[in-house]
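Participant:
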Amino acid sequence: MGAVFVWTIVIGLILVGQLVLSKHKGVSIYGPLAVYNTKRGVKLLDKISGISPRFWKVFGNLGVITGFFLMALVTYSLLINAIRIFRIPEAAPGAALAIPGITIPLWEGIIGIVILLVFHEMSHGVLARREKVKVESVGTLSLGFIPIGAFVRPNEKSIRKAKLSARMRIYAAGSFMNVTLAIILVSLLAFVVLPYMTEPVDGIKLLAVEEGSPAELAGLSEGMIIQEVEDGKIHDLVSFVNTLDRQDLSPGDEIIIKIDDSEYTVTTAERNGRAFMGITFCGAIPAGEIVKLFIASPMTIRILSPECYPSTLLPQKTMWFIIYAIMWTAILNFGVGLINLLPFRPLDGGLMFSDAVRRIIKNEKLAKQIIIVVGSLVFLLLLFNFIGPKLLGILA
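Here the sequence shown stands for residues 1 to 396, where the numbers follow full-length UniProt numbering.
1. Near Arg246, which residues of its chain fall below 6 Å by C-beta distance, leaving aside the five closest residues on each side in sequence?
2. Have a look at Thr243 and Leu220 and give me their C-alpha separation to the nearest angstrom.
3. Report the residue from Gly31, Thr318, Asn155 and Phe55 whose alpha carbon sits nearest the alpha carbon of Val42.
4. Measure from the alpha carbon of Thr140 to the alpha carbon of each residue in Glu121, Ile303 and Lys134, then state which is nearest.
5. What whole-angstrom Cβ distance do Phe55 and Ala182 have, given they're in contact under 8 Å?
6. Buried or exposed, going by whether 16 or more other CB atoms sit within 10 Å of the CB of Glu108?
7. Which residue's Cα is closest to the Cα of Ile170: Ser49, Thr329, Thr268 and Arg358?
8. Is the segment 162-178 in contact with the segment 129-138, if contact means three or more CB pairs nearer than 8 Å?
9. For Ala330, count the other beta carbons within 10 Å of its own beta carbon; 16 or more makes it buried, fewer makes it exposed. Which is it?
10. Would you check if there are 3 or more beta carbon pairs closer than 8 Å linking the segment 54-71 to the segment 338-355?
11. Helix or strand or just coil, what does DSSP make of Ala98?
12. In whole angstroms, give me the CA-to-CA distance for Met1 and Leu45.
13. Nearest-angstrom Cα distance between Ile9 and Asn37?
14. Check this for me: beta carbons of Gly144 and Ile14, under 8 Å apart or not?
15. Can you check whether the CB of Val179 is closer than 8 Å to the CB of Gly337?
16. Got a sec, what are the start and stop residues for the beta strand (DSSP E) Ile257 sits in?
17. Taking Arg274 as the reference, which of Phe344, Ser262 and Gly252 has the closest Cα?
18. By Cβ distance below 6 Å, which residues in the same chain neighbour Ile256 in space, the five residues on each side in sequence not counted?
19. Please go through the same chain and pick out, in chain order, the residues whose beta-carbon is closer than 8 Å to the beta-carbon of Glu222, but skip the five residues on each side of it.
20. Straight-line CA distance for Leu293 to Ser28?
21. Restricting to runs no shorter than 3 residues, where is the beta strand (DSSP E) found entirely within the segment 120-197?
22. Answer yes or no: do Gly63 and Ala166 have a C-beta to C-beta separation smaller than 8 Å?
23. Out of curiosity, what's the CA-to-CA distance linking Thr267 and Val74?
24. Counting along the chain, where does the alpha helix (DSSP H) carrying Glu270 start and finish?
25. For Leu395, does the count of other Cβ atoms within 10 angstroms reach 16, so buried, or fall short, so exposed?
26. Look at the alpha carbon of Arg271 and the alpha carbon of Phe281, and state the distance between them as a whole number of angstroms.
27. When the Cα of Val20 is compared with those of Ser137, Phe379, Ser142 and Lys39, which residue comes out closest?
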């Protein structure tokens, strides 16, 4: 009922919004999409780019260096994951579409996508103006009254006339801003929001204990907080995992767990060839580890659980809506920023790669062939990461 109510509101905002916006000067309607164009935003880009031209040049140069490195890294990661999918067809896809309300949370997803697009496009625009490239207009995209992004429309002739280094900085700016913003947001979440606006659980909280499992037979139950394992103090998720790793448990081994002043002896069972206790749990994660986890694999920070971070500042639901909004904004910025650096058009990475190839290879025909072949192969590689498991499942 909740989902139906939410989607009724969303559809209403789209339909009513389209009717109202269609009468507004400067708004073009394309089906459910409303596009608003204005030249007013160009002055804002000029002001931002003029605050510190040197800073923006350094920012752009760092973006180019980082962009080519990440281009190679992401392409390599997609290749490794494609090989894994071939070997294990039931493996999870290496990439997935971010659709608010379907594959990601609705409102947190919309907030994340809007911030992603605004920062991405504004960065292109600011660097374009810093490099004296003309910007025709800026604008917004919306589904009725629901904003979904922004765009900057540079003058194509002006871009083509710009120096190679200037074009590279403009192309790289969007993704570099997205990746930088993602890391800033996760650092803010890890070092400020969670430590000072919540009270992390000291220990490991049991969220569920499987019926008939070794843990239940030993007397463990939902809601208990583990403080010690085999005389090792447990303060957070990392110390718990490290302690279990040191035990190197096998099926049939006994492990002593301390909760308050009571000790529980759990005799592990076997499941899928590994020792099994039958508990679902959460725990706090040290701030530095959260950032490391995010950079290694952004989606892993979803293991942060409201049950282990009760709010001390706002109502729990409100606090965790904010946390999830920050989390998904970071995930989307990081993921889209990386994918956008892949070397095929019309992605920014494709534009960077094309210019780089033409700079190195003077033979236009050969350069064009390399650009097309590499771009096509990487596009197919990305596509296989999306649909590979299902495709192999159908063919099997």
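Backbone N, C-alpha and C define an ideal beta-carbon position, used for all residues, glycine too.
Facilitator: Checking against the coordinates, here is how it stands:
1. Reading the sequence shown from its first residue, position 246 is the one you call residue 246. Result list for Arg246: empty, nothing under 6 Å.
2. Position 243 of the sequence shown, counting from 1, holds the residue named residue 243. Position 220 of the sequence shown, counting from 1, holds the residue named residue 220. When rounded, the distance between both Cα atoms is 19 Å.
3. Walking along the sequence shown from the start, residue 42 turns up at place 42. The shortest C-alpha separation from Val42 is found at Asn155.
4. Along the sequence shown, one-based indexing puts residue 140 at 140. Ranking the options by Cα distance to Thr140, first place goes to Glu121.
5. Locating residue 55 in the sequence shown gives position 55, where the first residue counts as 1. Locating residue 182 in the sequence shown gives position 182, where the first residue counts as 1. In fact, because the Cβ distance is near 20 Å, the residues do not count as touching under 8 Å.
6. To locate residue 108, count along the sequence shown from 1; it is residue 108. The residue is buried, with at least 16 neighbouring Cβ atoms inside 10 Å.
7. Here residue 170 refers to the residue found at position 170 when the sequence shown is read from its first residue. It is Ser49.
8. yes
9. Within the sequence shown, residue 330 is the residue found at index 330, counting from 1. Buried, since its Cβ has 16 or more Cβ neighbours within 10 Å.
10. yes
11. Position 98 of the sequence shown, counted from the first residue, corresponds to residue 98. Three-state DSSP puts Ala98 in coil, outside helix and strand.
12. Within the sequence shown, the letter at position 1 stands for residue 1. Within the sequence shown, the letter at position 45 stands for residue 45. Unreliable positioning characterises Met1 in this predicted model, as indicated by a pLDDT of 46, which lies under 50. A coordinate reading is not provided.
13. Translated into the one-based positions of the sequence shown, residue 9 becomes position 9. Translated into the one-based positions of the sequence shown, residue 37 becomes position 37. Their backbone Cα atoms lie some 26 Å apart in a straight line.
14. Taking the sequence shown and counting its residues from 1, the one referred to as residue 144 is at position 144. Taking the sequence shown and counting its residues from 1, the one referred to as residue 14 is at position 14. The answer is yes: Cβ separation under 8 Å.
15. On the sequence shown, residue 337 is found 337 positions in, with the first residue counted as 1. On the sequence shown, residue 179 is found 179 positions in, with the first residue counted as 1. Contact flag set, yes.
16. Along the sequence shown, one-based indexing puts residue 257 at 257. From DSSP, the beta strand (DSSP E) with Ile257 extends over Glu254 to Ile259.
17. For this step, residue 274 is matched to residue 274 along the sequence shown. Per the Cα distances, Gly252.
18. Residue mapping note: residue 256 aligns to position 256 of the sequence shown, counting from 1. The answer, listed in chain order, is Glu230, Glu263 and Thr265.
19. For this step, residue 222 is matched to residue 222 along the sequence shown. Cβ neighbours of Glu222 beyond the five flanking positions: Leu206, Leu207, Ala208 and Val209.
20. Working through the sequence shown from its first residue, we reach residue 293 at position 293. Working through the sequence shown from its first residue, we reach residue 28 at position 28. Whole-angstrom Cα-Cα distance: 43 Å.
21. 135-143 and 146-154
22. Taking the sequence shown and counting its residues from 1, one reaches residue 63 at position 63. Taking the sequence shown and counting its residues from 1, one reaches residue 166 at position 166. Result no, Cβ atoms of Gly63 and Ala166 do not sit closer than 8 Å.
23. Here residue 267 refers to the residue found at position 267 when the sequence shown is read from its first residue. Here residue 74 refers to the residue found at position 74 when the sequence shown is read from its first residue. So the alpha carbons of these two residues sit roughly 43 Å apart.
24. Position 270 of the sequence shown, counted from the start, is the residue given in the question as residue 270. Segment Ala269 to Arg271 is the beta strand (DSSP E) holding Glu270; no alpha helix (DSSP H) there.
25. Numbered from its first residue, the sequence shown carries residue 395 at position 395. It counts as exposed.
26. Position 271 of the sequence shown, counting from 1, holds the residue named residue 271. Position 281 of the sequence shown, counting from 1, holds the residue named residue 281. Their backbone Cα atoms lie some 18 Å apart in a straight line.
27. Numbered from 1 along the sequence shown, position 20 holds the residue referred to as residue 20. Out of Ser137, Phe379, Ser142 and Lys39, Ser142 has the C-alpha closest to the C-alpha of Val20.
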